[in-house]
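Undergrad:
Chains as they are written, first to last, in the UniProt record's numbering: chain A, 1 to 289; chain B, 1 to 284.
(1) Among the candidates A/65, A/34, A/42, A/145, whose CA atom is the shortest distance from the CA of residue 258 of chain A?
(2) Note down, in chain order, every chain A residue with its Cβ under 9 Å from the Cβ of residue 145 of chain B.
(3) Any beta-carbon of chain A closer than 8 Å to the one on residue 7 of chain B?
(4) Can you grab the Cα-Cα spacing for the pair residue 26 of chain B / residue 152 of chain A, in whole Å?
(5) Where does residue 240 of chain A sit, in a helix, a strand or coil, going by DSSP?
(6) Anything in chain B within Cβ reach of residue 247 of chain A, meaning under 7 Å, just list it in chain order.
(7) Touch check for the stretch 248-256 of chain B and the stretch 51-66 of chain B: three-plus C-beta pairs under 8 Å?
(8) Please identify the residue among B/51, B/170, B/151 whose C-alpha is closest to the C-alpha of residue 205 of chain B.
(9) Relative to the C-alpha of residue 68 of chain B, which candidate in B/151, B/30, B/49 has its C-alpha closest?
(10) Going straight from the alpha carbon of residue 29 of chain B to that of residue 239 of chain B, what length do you get?
(11) Can you name, in chain order, every residue of its own chain whose Cβ lies under 8 Å from the Cβ of residue 9 of chain B, other than the five neighbours on each side?
(12) Please report the distance separating the alpha-carbon of residue 274 of chain A from that of residue 102 of chain A.
(13) Taking 6 Å as the limit between beta carbons, can you name the residues of its chain near residue 153 of chain B, skipping five residues before and five after?
(14) If you compare alpha carbons, which of B/122, B/264, B/89, B/63 is closest to residue 72 of chain A?
(15) List, in chain order, every chain A residue whose beta-carbon is nearer than 7 Å to that of residue 229 of chain B.
(16) Figure out for me which residue from A/218, A/90, A/193 has the closest Cα to the Cα of residue 208 of chain A.
(17) From the beta carbon of residue 66 of chain B, is the nearest beta carbon of chain A less than 8 Å away?
(18) Rounding to the nearest angstrom, what Cα-Cα distance links residue 35 of chain B and residue 244 of chain B in this structure?
(19) With respect to the alpha helix (DSSP H) encompassing residue 36 of chain B, which residues constitute its N-terminal and C-terminal limits?
(20) On a CA-only basis, which of B/250, B/216, B/16 is nearest residue 75 of chain B? Give me that one, please.
(21) Just list the residues that DSSP pairs residue 42 of chain B with in beta bridges.
(22) From the beta carbon of residue 69 of chain B, is the nearest beta carbon of chain A less than 8 Å away?
(23) Cutting at 7 Å between CB atoms, please list the residues of its own chain near residue 261 of chain A, excluding the five before and the five after it.
(24) Tell me which residue opens and which closes the alpha helix (DSSP H) that residue 86 of chain A is part of.
(25) Relative to the C-alpha of residue 213 of chain A, which residue among A/188, A/84, A/138, A/93 is closest?
(26) Counting pairs of beta carbons, one from the stretch 176-183 of chain A and one from the stretch 155-168 of chain A, are three or more of them closer than 8 Å?
(27) Put residue 63 of chain A into one of helix, strand or coil per three-state DSSP.
(28) With a cut-off of 8 Å, does the C-beta of residue 72 of chain B fall near any C-beta of chain A?
(29) Given that a residue counts as buried once 16 or more other Cβ atoms are within 10 Å of its Cβ, and exposed if not, what is residue 61 of chain B?
(30) Enumerated in chain order, which unbroken segments of the beta strand (DSSP E) with a length of 3 residues or greater are wholly contained in the stretch 30-110 of chain B?
(31) Would you kindly work out how many angstroms separate the C-alpha atoms of residue 24 of chain A and residue 82 of chain B, rounded to a whole number?
(32) CB-CB under 6 Å to residue 132 of chain B, same chain, minus the five flanking residues each way: which ones, in chain order?
(33) Put residue 234 of chain A into one of helix, strand or coil per three-state DSSP.
(34) Just confirm the distance between the C-beta atoms of residue 185 of chain A and residue 123 of chain A, as a whole number of angstroms; I'd bet it's less than 8 Å.
(35) Is there a C-beta anywhere in chain B that falls below 8 Å from the one on residue 26 of chain A?
(36) Give the residues of chain D in contact with residue 53 of chain B, contact being defined as C-beta atoms less than 8 Å apart.
Below is the structure:
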């Protein structure tokens with residue numbers, strides 16, 4: 001993360017010097033700039049705090065530790081990369097996380113997009129209750145959602161596992177996708193669709209050729225959000241998992257006996273993929289605007 | 001006529017999903033909370049409302065502690081997030097979206113893994129405290145793990161971005177011309193902040209509180225990884241009742257009480273602000 005830090009600092013300082021020379025006599029300006037500098041340093045301090053455990057995670061994937069407790073630095077090694085698959089149940093857990101994430105994202109994106117279009121485009125009876133339920137899904141504690149789902153599954157005799165985790169992940173992320181898509185639909189220029197219809201396009205053709213491409217950025221960011229929420233989730237997953245283990249569940253179970261460096265490496269790899277996707281998404285969406 | 005049913009067809013799948021897997025389980029859990037029995041012989045509905053009294057009497061401490069931790073964490077996130085959101089919104093310039101991306105990037109590491117990393121960082125002989133103890137700056141028996149500070153710190157850390165983003169969104173919407181106008185009218189910088197910028201940013205703070213207070217209060221991961229026996233929160237109790245003791249009625253009574261307290265608070269809160277605004281801010 002040191003990449004963006006180093007170029008930002010000199011540019012900022014240079015800009016400060018330039019304006020200082022431009023306004024030599026103004027008494028209030030320098031004080032204001034001191035405040036800005038303080039806030040700038042503060043912002044980076046908080047960012048450092050946010051990244052501190054991640055830097056530790058990355059570094060300790062290269063730690064030449066002997067025991068299972070990977071806490072003190074013992075020297076640099078690459079050996080854990082070669083022994084990444086040493087714990088078969090850990091590999092399974094990571095694959096489960098990715099599979100559940102993809103499946104949940106697919107369902108969530110379809111359901112959420114339909115909800116978002118309905119709420120953004122139409123005025124209909126029942127809009128209020130729909131908003132209310134979505135609001136409840138966003139603001140209910142995850143713990144309560146997980147506990148109530150488990151209560152129901154237990155009494156119906158439903159075996160918890162892979163399918164119930166997917167079900168729960170769709171439940172807590174669908175409202176986020178709907179709200180993201182709705183914001184895009186509301187901001188859309190309706191006259192373009194009218195123009196398409198005036199030119200003889202059917203409702204179906206208008207949707208796929210005009211409406212859908214216009215809301216696509218909202219759908220894509222909704223899908224990314226859904227995947228991020230799913231792969232990170234712990235609480236609902238723990239309640240609905242049964243015998244199925246995901247990556248966060250495996251780590252939580254390993255805390256008491258010691259977390260092996262393989263976890264750090266897998267975390268680093270997932271982080272790297274996430275960073276690449278996020279940067280690509282930001283750059284392409286900026287180009288579109 | 002055909003156009004009239006279109007919106008209903010669109011909301012049907014998602015709406016049913018929410019209805020069946022959110023509303024039905026919640027109603028069912030309310031019913032479980034007054035059942036009696038055990039996991040071997042099964043549970044029976046006996047309208048045993050004493051479950052609530054027993055559960056609350058037994059775990060009042062943890063309930064109050066959770067609300068206290070949630071409040072402390074929420075206040076800390078506001079104090080820590082506000083200056084940062086302010087700087088990004090007003091001084092971020094062309095790099096605004098880069099800074100926002102940096103705030104969000106930690107989310108790509110599972111929050112369990114980040115919390116475990118904090119446990120390593122703060123370990124008694126770990127990379128932070130170990131050297132300080134060797135240098136004699138800290139006494140040998142100094143520790144952070146298993147204290148209230150560690151748990152509230154962990155909560156604050158994990159939920160900080162949920163406070164930065166809504167405050168940023170609110171500040172970003174402040175029209176700079178309004179601030180200029182106040183200064184043309186001889187307001188000092190402090191005055192125009194206190195009278196113009198801060199009031200306009202309050203909806204963001206409110207949305208942030210909504211995004212952080214509820215999950216912090218019901219969290220059990222931070223208390224379980226960073227805390228000790230004296231830091232047990234209500235989430236830990238509910239989790240144990242459900243997943244270890246299989247005492248579903250007690251767990252349901254506690255969850256239902258927790259949810260009722262949170263939802264009543266939220267709805268009062270949202271009513272004052274308008275649901276749509278809060279949802280909109282929540283999505284960003």
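Note that CB positions come from ideal geometry on N, CA and C, so glycine has one too.
Only a predicted model underlies this, so the values are computations on that prediction, with no experimental measurement involved.
TA: To lay it out plainly:
(1) A/65
(2) By Cβ distance, chain A contributes nothing, its closest Cβ being about 11 Å from residue 145 of chain B, past 9 Å.
(3) yes
(4) 9 Å
(5) helix
(6) 110
(7) yes
(8) B/170
(9) B/151
(10) 15 Å
(11) none
(12) 14 Å
(13) none
(14) B/122
(15) Within chain A, no residue comes near residue 229 of chain B; the closest Cβ sits about 14 Å away, beyond 7 Å.
(16) A/193
(17) no
(18) 18 Å
(19) Segment 35-38 is the beta strand (DSSP E) holding residue 36 of chain B; no alpha helix (DSSP H) there.
(20) B/216
(21) B/38
(22) no
(23) 60, 61, 63, 65, 70, 80
(24) Residue 86 of chain A -> no alpha helix (DSSP H), and no H or E assigned at all.
(25) A/188
(26) no
(27) strand
(28) no
(29) exposed
(30) 35-38, 42-45
(31) Unreliable placement is indicated for residue 24 of chain A, whose pLDDT of 45 sits below 50; the coordinate value is still reported in the next sentence. Taking the straight line joining both Cα atoms gives about 31 Å.
(32) 138
(33) coil
(34) Contact doesn't hold; Cβ gap of about 13 Å is too wide.
(35) Reliability fails at residue 26 of chain A, whose pLDDT of 45 lies under 50, so the model's placement of it is uncertain and the value that follows must be treated cautiously. Not an interface residue.
(36) This model lacks chain D altogether; the protein chains it does include are A and B.
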